[in-house]
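Novice: Numbering (our numbering), first residue to last: 3 to 292.
Virtual Cβ for every residue (Gly too), placed ideally from N, Cα, C.
Just so we're clear, the structure is a prediction, and the values are computed from it rather than from any experiment.
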Amino acid sequence: MTKKRIGIYLLITFGVVWGMTISYLLLGGSYEDRAMGFILTLSMLTPAIATIITRKVTKEGLPVTGENSLMLGIDLKNKKWLWFLLAFLIPILYWDLGILFYYGIFPQAFDISALDALGIPEKMLFLLPFSGISSSFLLSFGALGEEIGWRTYLYPKLEELYGTAKAVIIGGIIWGAWHFPAIYAGHNFGHGYFLEPWSGFFVFTIDTIVTGNILFYITKKTKSVWAPAFMHAAFNTFSGFTILGMAYSEEKLSGIGLQSPVRLLLITVPGMIFSAVLYTKMKKSNAKKS
């Protein structure tokens, strides 16, 4: 039954999102169109919709809290509040450390004067992280649509079948593949990079494995979908909302340094290390339970 539920969930999630995106592109649409923005927004809600339909069709029920639920409750007891706080702070560190690592490889990409083009007074730059956090709060409602599907439904079911270690790998690959039509359209990497779109597919899948693992760890620690939803929104927000990230210029870059998949891959390296630590902790915890 678990495999059947996973099959139904994936059929709906991929069918709707791949169907909408590919159909629009075949009709001549492009990533820059306003309609594509609507498709991407609707796509974020699809995993939640697929979860609800699958639960109803397979008579699994729709419990709001507790085991095998939508995890819509928020419990701040037993230091769980700390994990909610980390749900905002980890993405900031994730991107800042990643961008620093990228600048370490390509120092010519760092250009503090790029901040001047943004028109933000220097005295106001310290507000950027706070703006990012407030934006994450607003965007978390969209991310909630994904997290109800991925982290509270698919990942636990994969864990039930294959164990935690394999679940985060398989889940990350599935989550990455779900984005492929949007990446083909230009999402995250644009166009014109080497081996397009295959290098984009590959690098983004690495990112979804790494990020999905972190999100699942937070989900398990808080027993709440809101924590990964906040974190997911913060990951999306701070990918282009840090001071270091905004001090980026392509003027002095050439060759491989201009390749968007290479940039994301290098930025993800510190996150890979952090995710590997959490991955090891989850494997050990799972081994003790068994």
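#1: On a Cα-Cα basis, can you pick out the residue from E149, H189 and G273 that is closest to F218?
#2: Is the stretch 43-51 close to the stretch 198-208, with three or more CB pairs under 8 Å?
#3: I'd like to confirm something about T56: is its beta-carbon nearer than 7 Å to some heavy atom of the ligand MN, or not?
#4: How about the stretch 75-87 and the stretch 27-39: do they share at least three Cβ pairs that are nearer than 8 Å?
#5: Beta-carbon separation of V227 and M3 under 8 Å?
#6: Can F103 and P272 be called in contact, C-beta distance under 8 Å?
#7: On the criterion of 16 or more Cβ atoms from any shown chain inside 10 Å, does H181 qualify as buried, or is it exposed?
#8: Give every residue of the same chain whose Cβ lies closer than 7 Å to the Cβ of Q261, excluding the five residues on either side of it in the sequence, and list them in chain order.
#9: Can you tell me the Cα-Cα spacing of T56 and Y157, whole angstroms?
#10: Of the residues A169, A235 and R265, which one's Cα is nearest the Cα of K285?
#11: Is Y195 helix, strand or coil by DSSP?
#12: Please list, in chain order, all residues of the same chain as I258 whose beta carbon is under 6 Å from its beta carbon, the five residues on each side excluded.
#13: Inspect the beta-carbon positions of H234 and A167 and report whether they are closer than 8 Å.
#14: Return the residue from the list F203, K223, L255 and V19 that minimises the CA-CA distance to I107.
#15: What do you reckon, are the CB atoms on I92 and I216 nearer than 8 Å?
#16: Would you call P183 buried or exposed, if buried means 16 or more other Cβ atoms sit within 10 Å of its Cβ?
#17: Going by C-alpha distance, which of S277, M248, V279 and L267 is nearest I114?
#18: Would you call G100 buried or exposed, if buried means 16 or more other Cβ atoms sit within 10 Å of its Cβ?
#19: For F112, name the three-state secondary structure that DSSP assigns.
#20: Using 8 Å as the threshold, is the C-beta distance between A229 and T221 below it?
Specialist: Judging by the given coordinates:
#1: Residue mapping note: residue 218 aligns to position 216 of the sequence shown, counting from 1. Selected option, being the one with the closest Cα: E149.
#2: Result no; under three Cβ-Cβ pairs closer than 8 Å.
#3: The model depicted lacks the ligand MN and carries no ligand whatsoever.
#4: no
#5: Your numbering for residue 227 matches position 225 in the sequence shown. Your numbering for residue 3 matches position 1 in the sequence shown. Contact: no.
#6: The residue labelled residue 103 in the question sits at position 101 within the sequence shown. The residue labelled residue 272 in the question sits at position 270 within the sequence shown. In this structure, P272 lies closer than 8 Å to F103 by Cβ.
#7: The residue you call residue 181 lines up with position 179 of the sequence shown. Classification of H181: buried, given that the 10 Å Cβ count is 16 or more.
#8: In the sequence shown, counting from the first residue as 1, residue 261 sits at position 259. These residues qualify, in order along the chain: Y195 and F196.
#9: For this step, residue 56 is matched to residue 54 along the sequence shown. For this step, residue 157 is matched to residue 155 along the sequence shown. Rounded to whole angstroms, T56 to Y157 spans 15 Å at the Cα level.
#10: In the sequence shown, the residue the question calls residue 285 occupies position 283. For K285, the nearest C-alpha among the options comes from A169.
#11: Your numbering for residue 195 matches position 193 in the sequence shown. Y195 falls in the coil class under three-state DSSP.
#12: Taking the first residue of the sequence shown as 1, we reach residue 258 at position 256. Cβ within range, chain order: V264.
#13: In the sequence shown, residue 234 corresponds to position 232, counting from 1. In the sequence shown, residue 167 corresponds to position 165, counting from 1. The answer is no: Cβ separation not under 8 Å.
#14: Here the question's residue 107 lines up with position 105 in the sequence shown. For I107, the nearest C-alpha among the options comes from L255.
#15: Residue mapping note: residue 92 aligns to position 90 of the sequence shown, counting from 1. Residue mapping note: residue 216 aligns to position 214 of the sequence shown, counting from 1. Their beta carbons are under 8 Å apart, which means I92 touches I216 by this criterion.
#16: Translated into the one-based positions of the sequence shown, residue 183 becomes position 181. Under this definition P183 is a buried residue.
#17: Within the sequence shown, residue 114 is the residue found at index 112, counting from 1. Closest by alpha carbon: M248.
#18: Here residue 100 refers to the residue found at position 98 when the sequence shown is read from its first residue. So G100 ends up on the buried side.
#19: Locating residue 112 in the sequence shown gives position 110, where the first residue counts as 1. F112: strand per DSSP, three-state reduction.
#20: Here residue 229 refers to the residue found at position 227 when the sequence shown is read from its first residue. Here residue 221 refers to the residue found at position 219 when the sequence shown is read from its first residue. Result yes, Cβ atoms of A229 and T221 sit closer than 8 Å.
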